[in-house]
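Student:
Number of protein chains: 2
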Amino acid sequence: MTAPGGRVRPERATDELLTTTRAVRRRLDLDRPVERTVVEECLRLALQAPSGMNNQRWHWVVVTDQGKKNALAEVYQEAFDAVYPPEVVTSMDAEQRRIHGSARYLATNLARVPVLVIPCQWTRIDDSTVFRQAGWWASILPAVWSFMLALRSRGLGSCITTMHLTEEERVAGLLGIPYERCTQVALLPVAHTLGTDFTSARRRPLEDVVHWNAW
Amino acid sequence: MTAPGGRVRPERATDELLTTTRAVRRRLDLDRPVERTVVEECLRLALQAPSGMNNQRWHWVVVTDQGKKNALAEVYQEAFDAVYPPEVVTSMDAEQRRIHGSARYLATNLARVPVLVIPCQWTRIDDSTVFRQAGWWASILPAVWSFMLALRSRGLGSCITTMHLTEEERVAGLLGIPYERCTQVALLPVAHTLGTDFTSARRRPLEDVVHWNAW
């Protein structure tokens with residue numbers, strides 16, 4: 000990552016970060032504790048992501064208590080089973096089945112993940128216009144992704160899961176989140192990763208999805 | 000960014016990237032052309048961001064044609080004036096006024112920005128449940144933020160604007176975007192930046208927004 004003359008080439012470090020920060024589920028280290036300070040460091044970096052009109056309406060609920068993790072995992076597993084009944088799973092193609100297997104592994108082991116993070120943001124966003132949704136989600140999801148990139152730089156991993164949101168109100172009750180005025184965004188499992196040698200993702204070529212000047 | 004012994008410390012490069020990638024408006028270089036290859040490079044990096052079930056339902060419309068930029072800028076200015084009528088502006092606090100001034104500068108100069116990028120994603124998302132919204136937006140906004148981080152690493156800048164979405168259907172018509180089946184996410188102005196010495200953002204302290212185990 001260092002150019003001739005010793006100057007760091009920031010684009011190389013960035014390219015590696017952006018291409019190897021993957022959705023980690025099976026490679027979460029369920030046995031190694033996560034230090035509180037590293038979570039705080041990564042959250043501080045996340046807060047530097049853009050926020051519409053600099054409103055910073057975000058809140059971050061970090062769950063490490065085993066009793067609370069058990070309760071969350073139970074709700075999560077129920078939600079998972081409801082979203083993926085057997086008939087949905089049998090209709091999946093090979094790629095979907097691979098990801099589903101990984102997601103099921105996470106659902107089964109969620110209570111063992113050292114840290115669970117639930118980002119939230121003020122006001123309910125149910126049933127809104129695209130204009131309102133766009134500004135709202137763009138004020139929290141870049142921070143979520145920054146959090147994951149920061150974790151990756153420190154040997155930890157996560158993934159964005161949204162499964163529990165079918166049971167959002169129950170989870171709000173478990174954690175004291177003011178459901179009527181604040182929307183949960185995702186649930187992020189956080190752990191050290193088993194190894195740090197992640198590769199880039201298989202993606203359709205850019206040419207299939209980019210349009211110059213007209214669709 | 001290099002540790003003793005010459006090893007690059009990836010967390011330092013990451014921290015700098017995540018804390019200095021700002022919403023750039025007044026410091027967009029309106030006179031310097033942007034090479035097509037750098038846009039393509041940054042979009043390829045963006046496509047490595049997470050996509051729910053690896054569905055990759057995204058499309059990226061890149062506008063460089065002056066006639067199309069003029070038409071977009073006209074719609075954008077109208078939308079901007081409708082969202083920020085004088086009575087809204089006069090009720091703003093100092094911070095909001097600062098950001099509004101910067102946003103107005105961008106609106107006034109949008110046709111002069113070398114490249115405008117509109118990320119889109121399949122299916123309409125109007126009036127959906129939080130569960131459906133969360134999965135949908137989390138499959139495109141990390142890619143948008145990755146695109147901005149990749150631009151930053153190459154001396155370019157952008158910001159997430161959503162203003163034109165009040166006129167989304169008109170913009171779809173201008174660019175041939177299939178409005179009935181595909182939702183526009185944002186409009187990203189892309190240009191080289193005037194200087195690259197961006198600082199971190201002023202943010203409320205983490206302690207105000209983090210909750211351990213219960214709200």
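Chains A and B, in that order, are what the protein sequence lines are. With numbering that gives the first Met the number 0, the residue at position 139 of the first sequence is 138, and numbering never jumps. With numbering that gives the first Met the number 0, the residue at position 139 of the second sequence is 138, and numbering never jumps. Positions of the beta carbon are idealized from the N, C-alpha and C atoms, including for glycine. Just so it is clear, the structure is predicted and the values come from calculations on it, not from any experiment.
Quick check on P49 (chain B) - is its C-beta less than 8 Å from some C-beta in chain A?
Tutor: On the second sequence, residue 49 (chain B) is found 50 positions in, with the first residue counted as 1. Interface residue, yes.
Student: Which residues in chain A sit within 7 Å of S152 (chain B), going by Cβ to Cβ distance?
Tutor: Locating residue 152 (chain B) in the second sequence gives position 153, counting from the first residue. Within 7 Å Cβ-Cβ: P9, E10 and T13.
Student: For H210 (chain B), write down the residues that DSSP places opposite it in a beta bridge.
Tutor: Within the second sequence, the letter at position 211 stands for residue 210 (chain B). The partner list for H210 (chain B) (beta bridge, DSSP) reads A:V60.
Student: Using a cut-off of 9 Å between C-beta atoms, extract the partners of D196 (chain A) located in chain B.
Tutor: Counted from its first residue, the first sequence places residue 196 (chain A) at position 197. The contacting residues do not exist; D196 (chain A) stays about 13 Å from chain B at best.
Student: Taking only the alpha-carbon atoms, compute the straight-line gap between R11 (chain B) and I98 (chain B) and give it to the nearest angstrom.
Tutor: Position 12 of the second sequence, counting from 1, holds the residue named residue 11 (chain B). Position 99 of the second sequence, counting from 1, holds the residue named residue 98 (chain B). C-alpha separation (whole angstroms): 29 Å.
Student: So, is G134 (chain A) buried or exposed, given that buried needs 16 or more other C-beta atoms within 10 angstroms?
Tutor: Stepping through the first sequence from its first residue, residue 134 (chain A) is reached at position 135. Under this definition G134 (chain A) is a buried residue.
Student: Report the residues of the region 59 to 74 of chain B with a CB closer than 7 Å to any CB of chain A, ordered along the chain.
Tutor: The region 59 to 74 of chain B vs chain A, Cβ under 7 Å: W59, V60, V61, V62, T63, D64 and K67.
Student: Would you call T161 (chain A) buried or exposed, if buried means 16 or more other Cβ atoms sit within 10 Å of its Cβ?
Tutor: Residue mapping note: residue 161 (chain A) aligns to position 162 of the first sequence, counting from 1. Its Cβ being crowded by 16 or more others within 10 Å, T161 (chain A) is buried.
Student: With V143 (chain B) as the anchor, note down where its alpha helix (DSSP H) starts and where it stops.
Tutor: For the purposes of this step, residue 143 (chain B) is identified with residue 144 of the second sequence, where counting begins at 1. Per DSSP, V143 (chain B) belongs to the alpha helix (DSSP H) from L140 to S152.
Student: Do the region 58 to 68 of chain A and the region 174 to 191 of chain A meet, that is, are 3 or more Cβ pairs less than 8 Å apart?
Tutor: Enough Cβ pairs lie closer than 8 Å, so yes.
Student: What's the C-alpha gap between L17 (chain B) and A102 (chain B)?
Tutor: Taking the first residue of the second sequence as 1, we reach residue 17 (chain B) at position 18. Taking the first residue of the second sequence as 1, we reach residue 102 (chain B) at position 103. If I take the Cα positions, the gap works out to 22 Å.
Student: Smallest Cα separation from A22 (chain A): which of A:S157, A:Q120 and A:V33?
Tutor: For the purposes of this step, residue 22 (chain A) is taken as the residue at position 23 of the first sequence. The candidate whose alpha carbon is nearest that of A22 (chain A) is A:S157.
Student: Below 9 Å on C-beta distance, what does R203 (chain A) contact in chain B?
Tutor: Here residue 203 (chain A) refers to the residue found at position 204 of the first sequence. By Cβ distance, chain B contributes L46 and Q55.
Student: Would you mind giving the Cβ-Cβ distance between Y75 (chain A) and L109 (chain A), rounded to the nearest angstrom? I have them listed as a contact below 8 Å.
Tutor: Indexing the first sequence from 1 puts residue 75 (chain A) at position 76. Indexing the first sequence from 1 puts residue 109 (chain A) at position 110. Right, the Cβ-Cβ distance comes to about 5 Å (below 8 Å), so this counts as a contact.
Student: Excluding five sequence neighbours on each side, which residues of the same chain lie with their C-beta closer than 8 Å to the C-beta of A200 (chain A)?
Tutor: The residue labelled residue 200 (chain A) in the question sits at position 201 within the first sequence. Excluding sequence neighbours, A200 (chain A) sits near T18 and R21.
Student: So, is A93 (chain B) buried or exposed, given that buried needs 16 or more other C-beta atoms within 10 angstroms?
Tutor: Here residue 93 (chain B) is taken as the residue at index 94 of the second sequence, counted from 1. Its Cβ having fewer than 16 others within 10 Å, A93 (chain B) is exposed.
Student: Could you say if the region 38 to 58 of chain A and the region 27 to 43 of chain B meet the contact criterion of at least three C-beta pairs nearer than 8 Å?
Tutor: No contact exists between the region 38 to 58 of chain A and the region 27 to 43 of chain B.
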